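J.:
Number of protein chains: 2
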Amino acid sequence: MSANSNVPESLPRVPELDKRKAYILTTVVYEYIATAEPVGSATLTQKYNLGVSSATIRNEMAELEARGYLVQPHTSAGRVPSDTGYRTYVDRLMPAETLGSEESGRLRAEFMRAGRALDEIVEQATRLLAQYSQSLAVVVAPSKDSQTFRHLQLIWLAERSVLMVVVTTAGVTEQHVIEPAVNVDPDDLTRASNALNRRLSGKLLAELDRTAVSDVLAAMSPPLHASLVDGVVAGFARVRRPEERRILFGGAQHLLDQPEFRDFKKLRSILDLVEEQRTLYHVVLESIERGESTPSVRIGGELELDDINECSLVTIPYRMGDRSLGVLAILGARRMPYGRMMALIAATADHLSQHLTDVELP
Amino acid sequence: MSANSNVPESLPRVPELDKRKAYILTTVVYEYIATAEPVGSATLTQKYNLGVSSATIRNEMAELEARGYLVQPHTSAGRVPSDTGYRTYVDRLMPAETLGSEESGRLRAEFMRAGRALDEIVEQATRLLAQYSQSLAVVVAPSKDSQTFRHLQLIWLAERSVLMVVVTTAGVTEQHVIEPAVNVDPDDLTRASNALNRRLSGKLLAELDRTAVSDVLAAMSPPLHASLVDGVVAGFARVRRPEERRILFGGAQHLLDQPEFRDFKKLRSILDLVEEQRTLYHVVLESIERGESTPSVRIGGELELDDINECSLVTIPYRMGDRSLGVLAILGARRMPYGRMMALIAATADHLSQHLTDVELP
DNA sequence: GCTAGCAGTCTCGAAAAGTGAGTGCCAATA
DNA sequence: TATTGGCACTCACTTTTCGAGACTGCTAGC
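Going down the list, the protein sequences come from chains H and S. The numbering used here puts the first residue of the first sequence at 5, with every later residue one more than the last. The numbering used here puts the first residue of the second sequence at 5, with every later residue one more than the last.
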């Protein structure tokens, strides 16, 4: 068989590896990703145009193992990439991929079907990412405090009971019940709502702290009762809730298709992580702290979490307008088609960001 | 060992089974639920006060098998309950259980921590049900159209763009963007909002169809533009969305603890069902169509779904005030502690209903 | 520097053998 | 007539054994 088209004949330069070693590493990673079987020297000479015998490959592979790029599961087995091997492959050897226009078009069309509601859109993104990646999709839902305040309404419910409804430009509405110490005149509520809308509409929720709110309400005459002002401040704080972000999962069943997860212990520890949410939430957020807009990859031990040290995580942030709202992630076996996954997650983030930007309220 | 305290000495009458057969069936089910191993005649004589020899038990068990209450996995194994066996146990033999007051108290306290937001409360219910049952919890979120309309606000966003925000007494807010054919005066929006609130507040969302809305808006002078009226009607229809109900899952990892799911095929088919959602949604809703408020149990083949014919499903509806909002369910192995599960799900539904009723808006 | 050949190592799967739990049946018994 | 002890038999499960196959590292020769 001739050289596989996905393994380019001419490779980028990797200072510490000569051309042949780089090519061998590339083919080992590629072959192992495709077959899930340790790769032996004979397989390589048969399937790829190496121009040398298997004995030479053996020598080279031994060298690559000594330098930490490959490992042997046991003495009489072929080689498997190490974290370093995968890392070198991803950073320097792998050809960049982009999603085919046909697939990209389908993805876009699916987003259109999600409607305008933020929750729905994010759920749809999770579903699509899981489906297209055939892997576990993890999505951190939009943070509240990076959304723009659009409108507020204080609604008289009963004596000493006021409902505060807040709308953001992301089309998210949140409500909060205020129980002021005195009965409040519905007209005052309308006036307060109007004043807050006039003065604060368009600001980030994160900016709407006690000072901002009191400043607006203090200017009213007659002044509002302090307990109501406190209630509105508390309402904004509650709506904002930067600490509580929803995290969505999809496609857990795809893990069962990977031979590396045919082990109830591993499966259990991953599902526990999913259920517990908090750890994965932090791991996913860490991955994009640098604020890049290209996919970020963390491989095996790089995740610094024993439960998933045989997994890799691909992450990318998504936006509404120019504000970063949340993160998409794919968690899969370390043996994943990195090029495809990165192309897929980048395209998904693009379409998601575009769709979110389109549905933002004026 | 003496008779186990969970298997009562005196059993209810089962017309078609004599006292001893009923007792043997009870102990077989009880023992199998506890150990997950087929139950043999020797085990029964050793662990329970039967007063007869194992040979007699063998005769009785053969009889119970002939009548369809027990089955033998293979010739030289003990017996396992059939669907009929479990059904008889659940309906007539099993002692009723209630949740201990300590556990019930903890459950109530956990609900308190969920706050007032409907979404959060339902998510909390899912988590708690999964955690306490150590099983897969399935929760059908509240239907929109059984909620009471409380307040509406039409908000001017831009020319030919109006945001409609609807609040229900369940404290759920939904928004819908209306794009009328003409520019609308913000004052008209306020008047329309006031009219709709005055006339329709307190009605079920399900009642707010085209007629109800047009009747109110037709009385306005000057009349609203027809396209805006259409928009409001569409908005109510969209908010109501009876066909789209969220369904929540929790505790999938607990399946891995049951020996009956140590099989990737079975596991896969259940996780596929979870991911697909629609089938389980229908199965869960079917279970409570009778409108009872006690737990309903469906065992194995009774579910009429090949993928889960080795599972049982316990369901119960939950309420806000006197309206049924949704359903709680536990999906687990057929070999589940039915008494405990039924007590648990009943208590959870009670606390959930109580908490929801408490946080309903006036 | 490369290669052919070979001995050595280790995993994996199939086959074989042994183990034990549990049954059904029967003749004896109260 | 219901019950019991005894016994032969069955069958899944575990352990062991064994051979095949895959791959390596090494060495001597080109």
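All residues carry an ideal CB built from backbone N, CA and C; glycine is no exception. These numbers come from a predicted model, not from an experiment.
Could you tell me the distance, in whole angstroms, from the CA atom of S/H155 to the CA atom of H/R120?
T.: Taking the second sequence and counting its residues from 1, one reaches residue 155 of chain S at position 151. Taking the first sequence and counting its residues from 1, one reaches residue 120 of chain H at position 116. Each residue's alpha carbon lies about 21 Å from the other.
J.: Given that a residue counts as buried once 16 or more other Cβ atoms are within 10 Å of its Cβ, and exposed if not, what is H/V186?
T.: Within the first sequence, the letter at position 182 stands for residue 186 of chain H. When all chains shown are included, H/V186 counts as exposed.
J.: Check each candidate in S/L307, S/A145, S/L158 and S/Y322 and name the one with the smallest Cα separation from S/A337.
T.: To locate residue 337 of chain S, count along the second sequence from 1; it is residue 333. Here the closest residue by C-alpha is S/L307.
J.: When the Cα atoms are used, what is the spatial distance from S/Y27 to H/G305?
T.: One-based indexing of the second sequence puts residue 27 of chain S at position 23. One-based indexing of the first sequence puts residue 305 of chain H at position 301. Distance between the alpha carbons of S/Y27 and H/G305 is about 56 Å.
J.: DSSP state of S/S218, grouped into three classes?
T.: Sequence index remark: in the second sequence, residue 218 of chain S carries index 214 (1-based). If DSSP states are grouped into helix, strand and coil, S/S218 belongs with the helices.
J.: Using the beta-carbon of each residue, which ones in chain H are nearer than 9 Å to S/D276?
T.: Within the second sequence, residue 276 of chain S is the residue found at index 272, counting from 1. Per Cβ cutoff of 9 Å: Q257.
J.: If we ignore side chains and look at the alpha-carbon of each, how far apart do S/H258 and S/E264 end up?
T.: Along the second sequence, read from residue 1 onward, the residue named residue 258 of chain S stands at position 254. Along the second sequence, read from residue 1 onward, the residue named residue 264 of chain S stands at position 260. Those two C-alpha atoms are separated by around 12 Å.
J.: So the candidates are H/I274, H/T79, H/V144 and H/Q50; which of them puts its Cα closest to the Cα of H/L356?
T.: Taking the first sequence and counting its residues from 1, the one referred to as residue 356 of chain H is at position 352. Residue H/V144 is the option with its Cα nearest to H/L356.
J.: Kindly list the residues whose CB is nearer than 7 Å to the CB of S/E127, restricted to its own chain and excluding five residues on each side of it in sequence; keep chain order.
T.: Along the second sequence, read from residue 1 onward, the residue named residue 127 of chain S stands at position 123. These residues qualify, in order along the chain: L252.
J.: Compile a chain-ordered list of the residues in the region 143-162 of chain H whose CB is closer than 9 Å to at least one CB of chain S.
T.: Residues passing the 9 Å Cβ filter: R154, H155, Q157, I159, L161 and A162.
J.: Check the Cβ of H/G72 against every Cβ in chain S and list those closer than 9 Å, keeping chain order.
T.: Here the question's residue 72 of chain H lines up with position 68 in the first sequence. Near H/G72 there are no residues of chain S at all, since even the closest Cβ is about 34 Å away, more than 9 Å.
J.: How about H/E264: is its C-beta nearer than 8 Å to some C-beta of chain S?
T.: By 1-based counting over the first sequence, the position of residue 264 of chain H is 260. No - not a single Cβ of chain S is within 8 Å of the one on H/E264.
J.: Excluding the 5 residues preceding and the 5 following H/R214 in the sequence, name in chain order all residues of the same chain whose CB lies nearer than 7 Å to its CB.
T.: As a working note, residue 214 of chain H is residue 210 in the first sequence. Closer than 7 Å at Cβ, skipping near neighbours: V237.
J.: Apart from the five residues on each side of it in sequence, which residues of its chain come closer than 6 Å, Cβ to Cβ, to S/F115?
T.: By 1-based counting over the second sequence, the position of residue 115 of chain S is 111. Only H355 and H359 meet the Cβ criterion.
J.: Compute the beta-carbon to beta-carbon distance between H/I159 and H/V170, rounded to the nearest angstrom, for a pair I have assumed lies under 8 Å.
T.: Taking the first residue of the first sequence as position 1, residue 159 of chain H is located at position 155. Taking the first residue of the first sequence as position 1, residue 170 of chain H is located at position 166. Between H/V170 and H/I159 the Cβ distance is about 12 Å, and since that is not below 8 Å, they are no contact.
J.: To the nearest angstrom, report how far apart S/G413 and S/L208 are at their CA atoms.
T.: The structure shown does not extend to residue 413 of chain S, since chain S spans only 5 to 366, so no value can be given for it.
J.: Cβ atoms of S/V176 and S/G376: under 8 Å apart, would you say?
T.: This structure does not reach residue 376 of chain S, given that chain S is present from 5 up to 366, and the question cannot be answered.
J.: To the nearest angstrom, report how far apart H/P183 and H/D189 are at their CA atoms.
T.: Within the first sequence, the letter at position 179 stands for residue 183 of chain H. Within the first sequence, the letter at position 185 stands for residue 189 of chain H. A quick correction: the sequence has Glu, not Pro, at residue 183 of chain H. Their Cα atoms are separated by approximately 13 Å.
J.: Are the region 220-227 of chain S and the region 192-211 of chain S touching, with three or more C-beta to C-beta distances below 8 Å?
T.: Flag = yes, the region 220-227 of chain S and the region 192-211 of chain S touch.
J.: Determine, for S/L332, whether the minimum Cβ-Cβ distance to residues of chain H falls below 8 Å.
T.: In the second sequence, residue 332 of chain S corresponds to position 328, counting from 1. Chain H contact via Cβ: absent.
J.: Hey, is the region 69-76 of chain H in contact with the region 50-58 of chain H, meaning 3+ C-beta pairs nearer than 8 Å?
T.: Counting Cβ pairs under 8 Å, fewer than three are found: no touch.
J.: With 16 other CB atoms within 10 Å as the buried threshold, where does H/T31 fall?
T.: One-based indexing of the first sequence puts residue 31 of chain H at position 27. That one is buried.
J.: Does the Cβ of H/E293 have 16 or more other Cβ atoms within 10 Å, making it buried, or fewer, making it exposed?
T.: Translated into positions along the first sequence, residue 293 of chain H becomes position 289. Exposed is the call here.
J.: Find the residues of chain H that neighbour S/P366, judging by a C-beta separation of less than 8 Å, and give them in chain order.
T.: Here residue 366 of chain S refers to the residue found at position 362 when the second sequence is read from its first residue. Near S/P366 (Cβ distances below 8 Å), the residues of chain H are L161, A162 and S165.
J.: Please tell me whether H/E279 has its Cβ less than 8 Å away from any Cβ of chain S.
T.: Sequence index remark: in the first sequence, residue 279 of chain H carries index 275 (1-based). Yes, its Cβ sits closer than 8 Å to a Cβ of chain S.
J.: Taking the alpha helix (DSSP H) that S/Y34 falls in, what are its first and last residues?
T.: Taking the first residue of the second sequence as position 1, residue 34 of chain S is located at position 30. Taken as a continuous stretch (DSSP letters only), the alpha helix (DSSP H) holding S/Y34 covers K23 to T39.
J.: In chain H, which residues lie with their C-beta within 8 Å of the C-beta of S/T177?
T.: Residue numbering aside, residue 177 of chain S sits at position 173 when the second sequence is read from its first letter. Those are V169, T177, E178 and Q179, listed as they occur along chain H.
J.: Answer yes or no: does any C-beta atom of chain H fall closer than 8 Å to that of S/R272?
T.: Position 268 of the second sequence, counted from the start, is the residue given in the question as residue 272 of chain S. By this cut-off, S/R272 is an interface position.
J.: Determine the DSSP secondary structure at S/L86, reduced to helix, strand or coil.
T.: Numbered from its first residue, the second sequence carries residue 86 of chain S at position 82. The amino acid at residue 86 of chain S is misidentified as Leu; the sequence shows Ser. Note: S/S86 maps to coil in three-state DSSP.
J.: Considering Cα atoms alone, identify which of S/S105, S/G44, S/I61 and S/L111 is closest to S/S80.
T.: What you label residue 80 of chain S is simply residue 76 of the second sequence in a count that begins at 1. Checking every option, the nearest Cα to that of S/S80 belongs to S/G44.
J.: Note down the Cα distance separating S/P146 from S/S139, rounded to an integer number of angstroms.
T.: Along the second sequence, read from residue 1 onward, the residue named residue 146 of chain S stands at position 142. Along the second sequence, read from residue 1 onward, the residue named residue 139 of chain S stands at position 135. Taking the straight line from one Cα to the other gives about 22 Å.
J.: Using the beta-carbon of each residue, which ones in chain H are nearer than 9 Å to S/R24?
T.: Your numbering for residue 24 of chain S matches position 20 in the second sequence. By Cβ distance, chain H contributes nothing, its closest Cβ being about 40 Å from S/R24, past 9 Å.
J.: Answer yes or no: do H/V318 and H/L289 have a C-beta to C-beta separation smaller than 8 Å?
T.: Within the first sequence, numbered from 1, the residue matching residue 318 of chain H stands at position 314. Within the first sequence, numbered from 1, the residue matching residue 289 of chain H stands at position 285. It is not a contact, given that the beta carbons lie outside the stated cut-off.
J.: Over the uninterrupted beta strand (DSSP E) stretch that includes S/F153, give me the two end residues.
T.: In the second sequence, the residue the question calls residue 153 of chain S occupies position 149. Note, S/F153: beta strand (DSSP E), F153 to A162.
J.: Report yes or no: is there a C-beta of chain H within less than 8 Å of the C-beta of S/R120?
T.: Stepping through the second sequence from its first residue, residue 120 of chain S is reached at position 116. Interface residue, yes.
J.: Please check the pair H/V142 and H/L260, which I expect to be a contact at CB under 8 Å, by giving their CB distance rounded to whole angstroms.
T.: Sequence index remark: in the first sequence, residue 142 of chain H carries index 138 (1-based). Sequence index remark: in the first sequence, residue 260 of chain H carries index 256 (1-based). Between H/L260 and H/V142 the Cβ distance is about 17 Å, and since that is not below 8 Å, they are no contact.
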